Structure formats: structure tokens, C-alpha cells
Amino acid sequence: MRQRIARTIGGVALVALVASGAACSGSGGDDGAAGGEACGSKIAFFGALTGSSAALGINENNGVKLAVDKYNKANPDCKVEQVELDSQGSPDQAPQLAQQAIDDEKILGLVGPAYSGESEAANPFFSDAGLVHITPSATNPTLAQQKWKTFFRAVGNDLTQGPAAGKYIKDVLKAEKVYVIDDQSAYGVGLADEVKKLLGAAVVGSDKVQGEGKQTDFSASVTKVKSSGATVLFYGGYYQEAGLIRKQLTGAGVTATLVAGDGVNDPAYIASAGQTAAEGTILTCPCQPAAKAKGNFAADYQALNGVAPGTYSDSAYDAANILLAGIKAGKTTREGLLEFVKGYTGEGVAATYKFTETGELDPAQVKIWAYKVTGGQVVPDQEIPKS
Amino acid sequence: MDFNGLFSNFGELTTTGLTQGAIYALVALGYTLVYGVLKLINFAHSEVFIAGAFAAIWTWSALGLNQDSVVNGVGSIIMYLGVAMVVAALASAVTASVIERVAYRPLRKRNAPPLAFLITAIGASIAISELFGIWTDRRPEGVPNLISIKPLFTIAGTPIRPIELLIVGSALVMMVGLDIFINRTRFGRGIRAVAQDPNTAALMGVNKDRIILLVFIAGGAMAGVAGLLYDIRIGALSYSVGFLLGLKAFTAAVLGGIGNLRGALLGGLLLGLVENYASGLIGSQWKDFAAFAVLVVLLMFRPTGLLGESLGRARA
Chain P
13 MRQRIARTIG GVALVALVAS GAACSGSGGD DGAAGGEACG SKIAFFGALT GSSAALGINE
73 NNGVKLAVDK YNKANPDCKV EQVELDSQGS PDQAPQLAQQ AIDDEKILGL VGPAYSGESE
133 AANPFFSDAG LVHITPSATN PTLAQQKWKT FFRAVGNDLT QGPAAGKYIK DVLKAEKVYV
193 IDDQSAYGVG LADEVKKLLG AAVVGSDKVQ GEGKQTDFSA SVTKVKSSGA TVLFYGGYYQ
253 EAGLIRKQLT GAGVTATLVA GDGVNDPAYI ASAGQTAAEG TILTCPCQPA AKAKGNFAAD
313 YQALNGVAPG TYSDSAYDAA NILLAGIKAG KTTREGLLEF VKGYTGEGVA ATYKFTETGE
373 LDPAQVKIWA YKVTGGQVVP DQEIPKS
Chain V
32 MDFNGLFSNF GELTTTGLTQ GAIYALVALG YTLVYGVLKL INFAHSEVFI AGAFAAIWTW
92 SALGLNQDSV VNGVGSIIMY LGVAMVVAAL ASAVTASVIE RVAYRPLRKR NAPPLAFLIT
152 AIGASIAISE LFGIWTDRRP EGVPNLISIK PLFTIAGTPI RPIELLIVGS ALVMMVGLDI
212 FINRTRFGRG IRAVAQDPNT AALMGVNKDR IILLVFIAGG AMAGVAGLLY DIRIGALSYS
272 VGFLLGLKAF TAAVLGGIGN LRGALLGGLL LGLVENYASG LIGSQWKDFA AFAVLVVLLM
332 FRPTGLLGES LGRARA
């Protein structure tokens with residue numbers, strides 16, 4: 013209840029902010045209502061910027077920031093503004109926030125929503141409103157199967173990531189006993205199910221925990237993993253719980269290797285688990301190492317944000333650039349920009365972008381990487397070959 | 032239903048359940064003490080717990096430990112634990128007494144309706160929790176590895192680790208200490224007197240405000256120690272965990288019979304066990320369901336809780 017009250021208060025404050033912003037631009041006397049004006053257009057980032065899973069959202073928001081910053085330096089007399097919509101990663105927050113974006117006529121497109129659960133809640137609103145959005149990180153496969161008109165995904169989905177993680181467990185770790193835990197979120201369950209499907213009889217047991225910071229004591233799950241004799245634990249969920257599970261496993265003397273997906277692929281995981289416990293964890297991701305991004309991306313990002321790029325910083329940067337390219341090309345209505353993204357083909361820093369009918373990234377462009385926690389850092393291990 | 036899993040893991044589920052239950056019990060004491068004396072549910076007690084838990088972590092980091100440091104030597108481990116325990120208990124006791132002075136006493140002086148106490152408690156709880164959220168950037172903070180993970184000995188095939196022994200042991204020691212304090216000392220007699228009949232107690236020369244403050248301090252100190260035990264058990268702390276833990280501890284207090292100290296211990300341990308057995312039998316997603324379903328069912332048959340007798344009616 014407490015969280016809900018805090019959120020409601022936050023929501024009211026945000027609405028007030030947006031309303032005052034709208035009032036200002038109204039008094040400026042421009043007829044923004046119909047769109048059609050590149051200058052003063054907005055693109056929004058939709059994802060967690062605070063809360064228990066904010067690290068990935070912040071990586072992405074900083075990527076969008078860099079794209080907008082570059083655009084505005086190149087077009088100093090016709091700037092584009094960035095709006096930050098903080099969902100705290102919560103599906104409960106998403107519809108209200110989506111409506112807020114839709115009500116701001118100046119917002120022509122979004123980067124996000126960042127996670128699968130909030131996508132399920134927000135995307136129907138965007139589809140009805142015809143507001144294009146490119147997610148740089150929501151990887152649940154079913155998101156593309158809902159016939160939403162405005163959904164695009166700049167990375168691969170869990171139908172490629174899940175089996176790849178399974179394959180790594182089977183071929184590289186050569187595990188014969190695997191335990192699977194998920195956090196009951198759209199993302200966690202989807203990913204865990206794909207891993208279970210690939211590993212089949214090697215999965216000796218499974219359990220479900222609570223995400224979003226709701227559970228901190230995982231002793232029952234730890235007991236089960238321990239007695240199952242599994243040498244690998246796969247976790248479908250986000251980094252904070254993954255870190256606590258790893259820490260408590262180690263605390264109970266369990267040495268099984270933890271394998272997890274892109275939701276855990278962030279230094280925040282190591283902070284949560286502690287360096288000693290985190291060592292050796294395998295993290296998969298449909299994202300290439302940030303250092304492999306083309307051009308000066310890493311250096312520019314560091315210069316603007318004061319931190320090195322993290323997981324999905326590059327795909328968020330690319331997604332923002334696709335939207336900005338549309339605005340630059342004069343697509344300054346929501347319909348125009350949507351059509352532009354549909355037909356888009358182009359080179360980004362992380363991949364070459366081209367979308368399928370359902371808004372998925374062209375499968376030929378999807379790369380899955382395995383990373384390993386080594387010496388307190390998430391270090392690229394190897395690219396996992398697609399079957 | 033995984034009966035096989037439950038039986039083969041029964042020992043371990045029991046020890047970890049009792050460990051978690053001991054922490055619930057220590058926090059439950061605060062609810063039950065305040066309720067016994069004031070007939071008030073101090074919803075801000077969850078933040079009294081959080082204050083102690085953060086105080087312990089910050090003490091360790093002030094002593095130069097972070098979550099990756101490894102401490103060797105029994106002497107220094109006891110030193111680190113002891114210092115942090117004192118600081119945590121102090122921090123929580125101070126937080127509890129500030130809440131009492133700022134939020135509750137003014138309302139009492141003005142004879143405010145019970146609803147005002149309830150909402151001011153919730154208000155204080157959110158305000159303090161948000162304060163910790165801002166101070167910590169809403170990020171979890173890690174706990175150093177103070178205690179060895181090697182099992183000390185095994186009972187019927189179940190390994191007993193030092194951490195479990197420490198948590199259950201210190202919870203029991205504190206419980207017994209509190210019981211003696213309430214039942215055998217002059218201050219304890221004052222507490223019982225105010226719980227029974229505040230006005231008569233005042234006529235007999237008991238300073239009611241001082242007794243109430245004492246109750247908050249005693250409950251706070253227990254919660255502070257619980258915070259430290261929570262830290263070393265879970266391994267990390269985030270500002271928002273107090274809410275659910277507070278709710279569970281409150282549940283434990285009601286389960287055992289609110290106002291009854293031994294009931295709080297029984298309720299806490301029972302709740303920890305039920306949660307773990309349900310996790311083992313059905314799956315961890317049923318943990319909270321089981322805890323609260325047991326509460327509802329038990330209250331159906333015993334509305335006063337397991338031990339049911341209030342602090343006020345305890346024999347003087």
C-alpha cells in the first residue's frame with residue numbers, strides 16, 4: 013500500500029508538471045496540436061529510472077540522451093526535446109504513464125517500454141493512439157504476437173535468448189542437472205520456459221519467487237537447489253533478486269553456477285551479490301559487448317554521462333536515432349513517424365536495423381552473447397552460435 | 032504437491048524457517064509491547080527496524096568493511112558484531128522514541144480519536160522509509176561476510192550453521208531478558224500497571240509518559256537487534272523491505288495473541304516455519320499466501336490468537 017501511495021503522489025506531481033509544460037508552450041502561440049513542426053518535437057524514454065530494477069533503464073535513458081544531444085548539436089536551430097517517463101519497472105504504473113505520453117501531443121515517438129511486464133500493460137494504449145515505440149530491451153516473445161500496430165523491438169527476443177542460454181548450459185558448462193527459478197514476471201517466466209524446453213530432462217526441479225524487490229529471503233529455494241544436486245541454476249528475472257539468491261546460495265555453501273539472462277546483465281548484479289559470490293556467474297544477452305559498438309559511441313557516451321555505457325545503452329541509442337532520423341526527414345506527425353519506422357533500414361552502432369511485419373528485429377541481425385563475471389566485472393565470454 | 036521434497040528437506044526447511052521466524056519474533060515484540068500498553072498499532076515500527084538495520088551496515092562501513100571484505104579471527108568478528116549490535120539497538124531505540132515524542136504524544140495530549148493515531152503511524156512510516164530511500168539512492172546496500180558458512184555440527188543429517196545458531200540464540204536471549212525485565216523489575220511493574228489501568232497507575236505515582244517512552248525504547252532496541260540479524264542473514268538491505276517484514280511481524284504478534292510477549296515469540300517462529308514448509312511443499316510463490324492464510328484460519332477459531340492473554344491481564 014505504501015508504494016501505491018507514493019506512486020500516486022508521484023503521478024499527480026508528474027501530471028502537474030506536464031500540464032504546466034503544455035501551458036507554457038500554449039502561451040508561446042504555436043499550433044503544436046496538429047504536429048507537423050519538427051522544432052520542439054519530443055521523444056520520450058519509457059522505463060525504470062528509480063526502484064529495484066532501475067540500472068538497465070538508466071543505461072538506456074543515457075543512450076537516448078546521447079542521441080538527442082548529438083541531434084541538437086547538429087540542428088541547433090531546431091531542437092528536439094527528451095521526456096523521461098519513470099515507470100519504476102512496474103506494470104501497475106505503466107497504463108497511467110502511457111496515457112500521459114499519449115496526451116502530450118508533442119511526443120512523436122518513444123524508446124521503450126524497457127521491460128516486458130510494463131510493455132504488456134502500456135503497449136495497447138500506444139497501439140490505439142498510433143504512437144510508435146521501439147523497445148531496446150523488452151525481450152518477451154509474445155509482445156510481438158499481439159497485433160499491436162506500433163510495437164518495434166531493436167533486439168532479439170527470448171525465443172533466441174532462452175535456447176541460447178540453454179545451449180550454453182548444455183554445451184559449454186556441460187551440466188547434467190539444472191535447477192530453474194523464475195520471478196513470475198512476463199520476462200522471467202518466458203525466458204525460464206524456453207530454457208526448460210531446450211534442456212528437457214536435465215532440469216531436475218524448478219521454483220518461483222517474487223520479483224520487484226518484494227522477496228528477500230530465498231532460503232527455501234536455496235534448500236531445494238542444494239538438495240537437487242544441480243550444478244547449474246538458471247534464474248529468469250532481474251538483477252536485484254538474482255544477486256540476493258546468489259549471495260544466499262554461496263552463504264549456504266552451494267557452489268552451483270548461476271546462469272541468468274539480460275535482466276541480470278549489469279554491474280548492479282555484482283553490487284547486489286557481492287564480488288566473491290558473483291564470481292563466475294554466466295549472463296546471456298541479445299546484446300553485443302558495449303565496447304564492440306561501432307564508431308565513437310563508447311567514448312561519446314562516457315563524455316556526456318560520466319559513466320561507461322552498460323547493457324542496452326547502445327540499442328537505446330540506436331532506437332532513439334531511428335526516431336530522430338524520421339523527425340529529421342520531416343515525419344513530424346505520429347502517423348508519419350510510424351510509417352517511417354516500419355520502412356526503416358539502416359546501420360546503427362549495435363546492429364543493422366530492419367523490422368519484420370510484427371515489429372521484430374530482422375532475425376539475421378540478432379546476436380546472442382554470453383558474459384562471465386570475472387574479477388568483479390561483467391566480461392564478454394563468447395558469442396553463442398544460433399542453431 | 033512435492034511431499035517428497037518436503038520430507039527430504041525437512042530439517043533444513045525447519046532450521047531456516049526458525050531463523051527467519053526468530054527475526055519476525057523480535058520485531059513482533061515491539062508491536063505487542065506498544066499495543067499492550069497503549070492499545071495502538073504502531074505501524075511505524077517497521078521503520079524502527081529499518082533504522083537499526085541501516086545503522087548496523089553504516090557502522091561496518093565506518094569501521095572500514097564493505098560487502099566484499101572477509102573478516103578473520105573470532106575476536107574481531109565478535110567485536111564487529113557487538114559494536115554494530117549496540118549501535119543498531121541505539122539507533123532503533125532513538126527512532127522509536129522520536130516517533131513517540133513527535134507523532135503520538137501530542138495526539139494523546141489532545142485526546143485524538145484512534146483513527147488519527149492510525150494515519151499518523153502510517154504517515155510516519157512512509158516518511159521515514161522515503162527518507163532512507165533518498166539517503167541510499169534507493170539502492171540496496173551489501174553486508175560484509177562476517178560469519179563463516181561452514182556448518183558447526185549436524186542434527187539428524189541437518190547441518191547447523193553458526194549464523195542460524197547466532198540468530199535463534201540471540202533472539203531467545205533477548206526474549207528471556209525482556210520477560211525478566213517486564214515481570215521482575217520495578218520498571219516492568221510500571222509497564223504492567225499502565226497496561227492494566229493507566230489512570231489508577233498514575234494515581235499510584237507511576238509516570239505514564241515515562242513508562243510509555245520506556246516501552247517504545249525497549250521495543251525499538253529489540254527491533255534494532257532484529258535489523259542486524261536480518262542484515263547478516265539476507266546479505267543486503269534495501270529501504271523498502273520494512274513494509275512486508277513489518278506486516279509479517281505484526282501478523283506474528285496477532286497470531287500469538289497481541290499484547291502477549293511469549294505469544295509474539297511463538298507466533299514469529301510459527302510463521303517462519305509455515306512459510307518455509309509451504310515453500311517446500313508447493314513452491315516459493317505460495318510463501319506469503321500460506322503465511323496469511325494461516326492467520327485468517329487461526330483467527331476464525333481463536334480470535335484472541337494462540338496464547339490470547341494480553342499484557343494488561345497478566346498477573347502482577
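Note that the protein sequences, when read in sequence, are chains P and V. Positions 13 to 399 (the working numbering) are the ones given, in order, by the first sequence. Positions 32 to 347 (the working numbering) are the ones given, in order, by the second sequence. Cβ coordinates follow ideal geometry from the N, Cα and C atoms, glycine included. As the structure is a prediction and not an experimental result, all values here were calculated from the model.
- Residue 94 of chain P and residue 54 of chain P have their C-alpha atoms some 6 Å from each other.
- The C-beta of residue 219 of chain P comes closer than 7 Å to at least one C-beta of chain V.
- Chain-order list of chain V residues neighbouring residue 256 of chain P: 171, 265, 266, 267, by C-beta distance under 9 Å.
- Residue 368 of chain P and residue 148 of chain P have their alpha carbons spaced roughly 16 Å apart.
- If only uninterrupted beta strand (DSSP E) runs of at least 3 residues are considered, those enclosed by the stretch 258 to 285 of chain P are 269 to 272.
- Note on the stretch 346 to 394 of chain P: whole alpha helix (DSSP H) runs with a minimum of 4 residues are 346 to 354, in chain order.
- Put simply, the stretch 42 to 56 of chain V does not touch the stretch 282 to 301 of chain P. Fewer than three CB pairs are less than 8 Å apart.
- Taking a Cβ-Cβ threshold of 8 Å, the residues of chain V close to residue 260 of chain P are 265, 266, in chain order.
- Secondary structure note for residue 194 of chain P: its beta strand (DSSP E) is the uninterrupted segment 190 to 194.
- By the neighbour-count criterion, in which 16 or more other beta carbons inside 10 Å mark a residue as buried, residue 185 of chain V falls on the exposed side.
- Under the three-state reduction of DSSP, residue 96 of chain V is assigned to coil, being neither helix nor strand.
- Under the DSSP definition of a beta bridge, residue 76 of chain V lacks any partner.
- Of the candidates P:83, P:107, P:143, P:217, P:143 places its Cα closest to the Cα of residue 345 of chain P.
- As the crow flies, the alpha-carbon of residue 169 of chain P is around 20 Å from that of residue 67 of chain P.
- For residue 58 of chain V, the uninterrupted alpha helix (DSSP H) segment begins and ends at 41 to 69.
- Here DSSP, grouped into helix, strand and coil, assigns residue 117 of chain P to coil.
- Nearest to residue 178 of chain P by alpha-carbon distance, out of P:152, P:63, P:205, is P:205.
- For residue 189 of chain V, there is no enclosing alpha helix (DSSP H); the residue is found in the beta strand (DSSP E) stretching over 189 to 191.
- The C-beta distance from residue 153 of chain V to residue 281 of chain V rounds to 13 Å, too long to meet the 8 Å contact threshold.
- Checking the DSSP bridge columns, you'll see residue 297 of chain P partnered with P:381.
- Collapsing the DSSP output to three states places residue 56 of chain P in a strand.
- Rounded to whole angstroms, the separation of the alpha carbons of residue 171 of chain V and residue 199 of chain P is 22 Å.
- Look at residue 71 of chain P here: in three-state DSSP terms it is helix.
- Residue 283 of chain V sits away from residue 61 of chain V, with the two beta carbons spaced by 7 Å or more.
- Non-local beta-carbon contacts of residue 360 of chain P in its own chain, meaning distances under 6 Å to residues more than five positions away in sequence, involve 330 in chain order.
- Positions of the beta strand (DSSP E) runs, each at least 3 residues long and wholly inside the stretch 97 to 178 of chain P, are given as 119 to 123, 144 to 147, 163 to 165 in order along the chain.
- The C-beta distance from residue 257 of chain P to residue 271 of chain P rounds to 12 Å, too long to meet the 8 Å contact threshold.
- Residue contact check for residue 325 of chain P against chain V: no CB pair falls below 7 Å.
- In this structure, residue 268 of chain P lies near residue 244 of chain P, with their beta-carbon atoms less than 7 Å apart.
- Nearest C-alpha to residue 63 of chain P among V:271, V:292, V:301, V:291: V:271.
- Within chain P, the residues placing a beta-carbon under 7 Å from that of residue 99 of chain V are 286, 287, 288, ordered along the chain.
- For residue 235 of chain P, the nearest CB of chain V lies under 7 Å from its own CB, placing it at the interface with that chain.
- Per DSSP, the unbroken alpha helix (DSSP H) holding residue 231 of chain V starts and ends at 229 to 234.
- Here the stretch 119 to 128 of chain P lies against the stretch 186 to 202 of chain P, with 3 or more beta-carbon pairs under 8 Å apart.
- Take the alpha-carbon of residue 37 of chain V and the one of residue 225 of chain P: they are about 26 Å apart.
- Contact note: residue 44 of chain V reaches chain P through 232, 235, using a C-beta cutoff of 7 Å and chain order.
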